[in-house]
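S.K.: Next up is a structure, given as structure tokens.
Number of protein chains: 2
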Amino acid sequence: MKRREPNGSSVQDLGEFGLIRQLRRLVGSADKSVAVGIGDDCAVLRGRDPRRYYLYTCDPVVEGIHYREAAAPRRVGWKAMARNLSDIAAMGGRPRWAVVSIGLRPGTDVRWVKQLYAGLQAAAKQFGCRIVGGDTTHVRHEQFVVVALIGEVEKSRIVLRRGAKIGDSVMVTGTLGGSWRGKHLSFIPRIREARWLVTHFPVHAMIDLSDGLSNDLQRLAEASPRGTAFEIHAADIPLSRAARRSLAAALNDGEDFELLFTIDPRHVTALRQKWARRFRTELTEIGRVVKSRHRVALIGRDGSRKRLLAAGYDHFATH
Amino acid sequence: MKRREPNGSSVQDLGEFGLIRQLRRLVGSADKSVAVGIGDDCAVLRGRDPRRYYLYTCDPVVEGIHYREAAAPRRVGWKAMARNLSDIAAMGGRPRWAVVSIGLRPGTDVRWVKQLYAGLQAAAKQFGCRIVGGDTTHVRHEQFVVVALIGEVEKSRIVLRRGAKIGDSVMVTGTLGGSWRGKHLSFIPRIREARWLVTHFPVHAMIDLSDGLSNDLQRLAEASPRGTAFEIHAADIPLSRAARRSLAAALNDGEDFELLFTIDPRHVTALRQKWARRFRTELTEIGRVVKSRHRVALIGRDGSRKRLLAAGYDHFATH
Numbered sequence: 473m474k475r476r477e478p479n480g481s482s483v484q485d486l487g488e489f490g491l492i493r494q495l496r497r498l499v500g501s502a503d504k505s506v507a508v509g510i511g512d513d514c515a516v517l518r519g520r521d522p523r524r525y526y527l528y529t530c531d532p533v534v535e536g537i538h539y540r541e542a543a544a545p546r547r548v549g550w551k552a553m554a555r556n557l558s559d560i561a562a563m564g565g566r567p568r569w570a571v572v573s574i575g576l577r578p579g580t581d582v583r584w585v586k587q588l589y590a591g592l593q594a595a596a597k598q599f600g601c602r603i604v605g606g607d608t609t610h611v612r613h614e615q616f617v618v619v620a621l622i623g624e625v626e627k628s629r630i631v632l633r634r635g636a637k638i639g640d641s642v643m644v645t646g647t648l649g650g651s652w653r654g655k656h657l658s659f660i661p662r663i664r665e666a667r668w669l670v671t672h673f674p675v676h677a678m679i680d681l682s683d684g685l686s687n688d689l690q691r692l693a694e695a696s697p698r699g700t701a702f703e704i705h706a707a708d709i710p711l712s713r714a715a716r717r718s719l720a721a722a723l724n725d726g727e728d729f730e731l732l733f734t735i736d737p738r739h740v741t742a743l744r745q746k747w748a749r750r751f752r753t754e755l756t757e758i759g760r761v762v763k764s765r766h767r768v769a770l771i772g773r774d775g776s777r778k779r780l781l782a783a784g785y786d787h788f789a790t791h
Numbered sequence: 473m474k475r476r477e478p479n480g481s482s483v484q485d486l487g488e489f490g491l492i493r494q495l496r497r498l499v500g501s502a503d504k505s506v507a508v509g510i511g512d513d514c515a516v517l518r519g520r521d522p523r524r525y526y527l528y529t530c531d532p533v534v535e536g537i538h539y540r541e542a543a544a545p546r547r548v549g550w551k552a553m554a555r556n557l558s559d560i561a562a563m564g565g566r567p568r569w570a571v572v573s574i575g576l577r578p579g580t581d582v583r584w585v586k587q588l589y590a591g592l593q594a595a596a597k598q599f600g601c602r603i604v605g606g607d608t609t610h611v612r613h614e615q616f617v618v619v620a621l622i623g624e625v626e627k628s629r630i631v632l633r634r635g636a637k638i639g640d641s642v643m644v645t646g647t648l649g650g651s652w653r654g655k656h657l658s659f660i661p662r663i664r665e666a667r668w669l670v671t672h673f674p675v676h677a678m679i680d681l682s683d684g685l686s687n688d689l690q691r692l693a694e695a696s697p698r699g700t701a702f703e704i705h706a707a708d709i710p711l712s713r714a715a716r717r718s719l720a721a722a723l724n725d726g727e728d729f730e731l732l733f734t735i736d737p738r739h740v741t742a743l744r745q746k747w748a749r750r751f752r753t754e755l756t757e758i759g760r761v762v763k764s765r766h767r768v769a770l771i772g773r774d775g776s777r778k779r780l781l782a783a784g785y786d787h788f789a790t791h
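Chains as they are written, first to last, in my numbering: chain A, 473 to 791; chain B, 473 to 791.
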């Protein structure tokens, strides 16, 4: 990825991070109704309840990019909803209302669309979310599903990307890597785990792993105060079976939709114990928040220290 | 369009109306938080303010369907936002917060994307709406922009599709037809007019004209109580210059984004006078709400009476 963009550069040259950074500038500063705008998992909005925020997010799923044409439509619908639910989880919230926009080729079998909707509805219902509206349109080539979701979270429980404190333990749920072999279409968004976490422990910073640990660590680091860095131990990263023992897969494959968060290390023992009684999902300490200029460092099994660059999934990279 | 759908029928066979009717069933009934679900211009949600509703809507804009590839990106962005603003207007609301999902080919010039965003932002800003988040993704073929929008409206001022009363006058703002010659990319959503209307007059039912007068009259009629029908006078339909004197264009072209509403005829004179002092936009009485089994009738210049069928824009029809 280039650092400077000459006139006429493409979105691929700039990359998704670079593009979003530029667009954020165009949108300008928000008013008082917006507690957190572009740049976290959800926008954070002030409604009229002084004790709660609304969370607002929107994520597209495109044929050939996020799923193959032959994928079961029920699973495509599940994924389209679950990706958004995962964004609400990342801030400790509860999902409330969804709207859905679908682009369909005119020749698409109505049963395909009904199955897609059944998947959307199943994921929404399982987490207390209501589909309240939407629109369909004709497309010529790639079908798409865009879900927009409103959630809610108590002001006392919201977790942002930017709260990491030096000395924190870095924790991750589940196992990572190889999601594209199947999990990406059927993963369980970590709504329940996140709600339990923010209710029982003071979580400092959180993100959901959508674009690979390396990419999303970078995001967490960039959102943190200057000089706040992440030191991750390669040996501690929980590899999924689908990652097939590849650390690179766990770092870069993306679409794990697990939670990555930081918490005061004094809470880790109690957290592990209570977690194990409550959930079957793994919970692993993979590193520390440290004071350093280098945003993310990976400590190898041999003790070597490497700077970890964002190498995960980029929606504009060719792959 | 067929009435019964055999197994294996396509979304084109079923049509957009038919498809949405089927999907609505799949979503099931809503809970108390949803005052109005699928089937109006926006979903109507109960927040925690006892005097207000939230409005929630989402609309896709697809290259080759809603705009040509060569269209100025600023106008594409304007349209994508304005379509959603028009849905908020149709219920008498004020827009508050938008999120945007964009599908881009990797080779797209970054300047194109910035211009698109400038258009989105210009439309949002003009009507007091904030863009608070979004996502971008890679596509191979057709680019798309999906805006989801949250608005707000006082419970005392909300206008639904279903409120038409027998005897009402049927009114329309602006002029109709030929929008595809240019207006569809630069139209002004009728937020100000709608807010003024619901503040000064008891409007019974309202919809924005997105799919052609014939289609949207049908929607208004279907939302009304059984036996409530619309009688429209062909001679009174305000033709735009772009319609080039074609009544069919005004009935069926779509994308006018004007307001169609019903009001007690005793208010019409006062409404016209006050309107003329406040707005330059035309306001025309085009018919009456009557008691009839036939949902929509068109009265010709010669006094002939025809049943008007939904013949406007269908996103799944081939054209």
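All C-beta atoms in this analysis are idealised placements derived from N, C-alpha and C, irrespective of residue type, glycine included.
Is C601 (chain B) close to chain A? Criterion is C-beta to C-beta, closer than 8 Å.
M.R.: No, its Cβ sits nowhere closer than 8 Å to a Cβ of chain A.
S.K.: Is the Cβ of M473 (chain B) closer than 8 Å to any Cβ of chain A?
M.R.: In this predicted model, M473 (chain B) has a pLDDT of only 37, less than 50, meaning its place in the structure is not dependable; the value taken from the coordinates is given anyway. No, its Cβ sits nowhere closer than 8 Å to a Cβ of chain A.
S.K.: Measure from the alpha carbon of R716 (chain B) to the alpha carbon of each residue in B:N687, B:Q745 and B:T647, then state which is nearest.
M.R.: Here the closest residue by C-alpha is B:T647.
S.K.: Ends of the alpha helix (DSSP H) at H739 (chain B)?
M.R.: No alpha helix (DSSP H) contains H739 (chain B), which DSSP labels as neither H nor E.
S.K.: How would you call D640 (chain B), buried or exposed, if buried means at least 16 neighbouring beta carbons within 10 angstroms?
M.R.: Under this definition D640 (chain B) is a buried residue.
S.K.: What in chain B is Cβ-close to G536 (chain A), meaning under 7 Å?
M.R.: Under the 7 Å cutoff, chain B gives R612.
S.K.: Relative to the C-alpha of P532 (chain A), which candidate in B:S573, B:K551 and B:D683 has its C-alpha closest?
M.R.: Checked all of B:S573, B:K551 and B:D683; the closest Cα to P532 (chain A) is B:S573.
S.K.: Quick check on this structure: which residue in A:Q484, A:K597 and A:V506 has the alpha carbon closest to the alpha carbon of W569 (chain B)?
M.R.: Comparing Cα positions, the closest option is A:V506.
S.K.: Of the choices A:R662, A:W550 and A:E703, whose alpha-carbon is the least far from that of G591 (chain A)?
M.R.: Nearest option by C-alpha distance: A:W550.
S.K.: Hey, would you say E703 (chain B) sits closer than 8 Å to A769 (chain B), going by beta carbons?
M.R.: Their beta carbons are under 8 Å apart, which means E703 (chain B) touches A769 (chain B) by this criterion.
S.K.: Name, in chain order, the residues that DSSP records as bridge partners for S482 (chain A).
M.R.: BP columns for S482 (chain A) point to B:D581.
S.K.: Could you tell me whether the segment 533–550 of chain A touches the segment 757–764 of chain A, using the rule of 3 or more Cβ pairs below 8 Å?
M.R.: With the cut-off at 8 Å, the segment 533–550 of chain A and the segment 757–764 of chain A do not touch.
S.K.: Report buried or exposed for G480 (chain A), applying the criterion of at least 16 other Cβ atoms within 10 angstroms of its Cβ.
M.R.: Exposed, since its Cβ has fewer than 16 Cβ neighbours within 10 Å.
S.K.: Name the chain A residues whose beta carbon is nearer than 7 Å to that of S482 (chain B)?
M.R.: Going along chain A in sequence order, the residues near S482 (chain B) (Cβ under 7 Å) are P578, G579, T580, D581 and V582.
S.K.: Which one of A:V611, A:Q494 and A:A561 has the shortest CA to CA distance from L681 (chain A)?
M.R.: Answer by Cα proximity: A:A561.
S.K.: Please classify K655 (chain B): is it buried, with 16 or more other beta-carbons within 10 angstroms of its beta-carbon, or exposed?
M.R.: By the neighbour-count rule (16 or more Cβ atoms within 10 Å), K655 (chain B) is buried.
S.K.: Compare the beta carbon distance of R634 (chain B) and A677 (chain B) with 8 Å and say whether it is the shorter of the two.
M.R.: Yes, the pair counts as a contact, with Cβ atoms nearer than the cut-off.
S.K.: Just to confirm before moving on: does the CB-CB distance between V508 (chain B) and V499 (chain B) stay below 8 Å?
M.R.: Taking 8 Å as the Cβ cut-off, V508 (chain B) and V499 (chain B) do not qualify as a contacting pair.
S.K.: Report all residues from its chain with a CB closer than 8 Å to the CB of L711 (chain B); omit the five preceding and five following residues, and keep chain order.
M.R.: Taken in chain order, the residues that qualify are T647, L648, G649, R717, S718, L719, A721 and A722.
S.K.: Kindly list the residues whose CB is nearer than 7 Å to the CB of H739 (chain B), restricted to its own chain and excluding five residues on each side of it in sequence; keep chain order.
M.R.: Answer for H739 (chain B): F673, listed in chain order.
S.K.: Let me know the secondary structure DSSP gives L755 (chain A) once reduced to three states.
M.R.: DSSP places L755 (chain A) in strand when its eight states are reduced to three.
S.K.: Taking DSSP as the reference, what is the three-state secondary structure of V670 (chain B)?
M.R.: In the structure shown, V670 (chain B) sits in a helix (DSSP, three-state: H, G or I).
S.K.: Consult DSSP for L632 (chain B) and reduce its assignment to one of helix, strand or coil.
M.R.: The answer is coil: DSSP assigns L632 (chain B) none of H, G, I, E or B.
S.K.: If you follow the alpha helix (DSSP H) that S424 (chain B) is in, where does it begin and where does it stop?
M.R.: Outside the displayed range of chain B (473 to 791) lies residue 424 (chain B), so it cannot be described from this structure.
S.K.: Alpha carbons only, please: which of A:L781, A:W652 and A:R602 is nearest the one belonging to A543 (chain A)?
M.R.: It is A:W652.
S.K.: Nearest by alpha-carbon distance to L755 (chain B): which of B:R662, B:L692 and B:V644 is it?
M.R.: Minimum Cα distance to L755 (chain B) is reached at B:V644.
S.K.: Which residue wins for smallest C-alpha separation from K627 (chain A), given the options A:G772, A:V670, A:A748 and A:Q494?
M.R.: With distances taken between Cα atoms, K627 (chain A) lies closest to A:V670.
S.K.: State the Cα-Cα distance for the pair F820 (chain B) and S776 (chain A), rounded to the nearest angstrom.
M.R.: For chain B, the structure presents residues 473 to 791; residue 820 (chain B) sits outside this window and is missing.
S.K.: Looking only at its chain, what residues have a beta carbon closer than 7 Å to the beta carbon of H791 (chain B), apart from the 5 residues adjacent to it on each side?
M.R.: Residue confidence for H791 (chain B) is low, a pLDDT of 37 falling below 50, so the modelled location carries little weight; the figure read from the coordinates is stated next. Around H791 (chain B): no qualifying Cβ.
S.K.: Name, please, each residue of chain A whose Cβ falls closer than 7 Å to the Cβ of F616 (chain B).
M.R.: Within chain A, the residues near F616 (chain B) are G575 and F616.
S.K.: Does chain A have any CB closer than 8 Å to the CB of P532 (chain B)?
M.R.: Yes, because at least one Cβ of chain A sits closer than 8 Å to the Cβ of P532 (chain B).
S.K.: At which residues does the beta strand (DSSP E) containing M678 (chain B) begin and terminate?
M.R.: Its beta strand (DSSP E) spans residues V675 to D680.
S.K.: Applying the 10 Å Cβ sphere with the 16-neighbour rule, what's the burial state of A596 (chain A)?
M.R.: Looking at its Cβ environment, which holds 16 or more other Cβ atoms inside 10 Å, A596 (chain A) is buried.
S.K.: Whose C-alpha, out of A:V483, A:G699 and A:D559, is nearest the C-alpha of E727 (chain A)?
M.R.: That would be A:D559, whose Cα lies nearest to the Cα of E727 (chain A).
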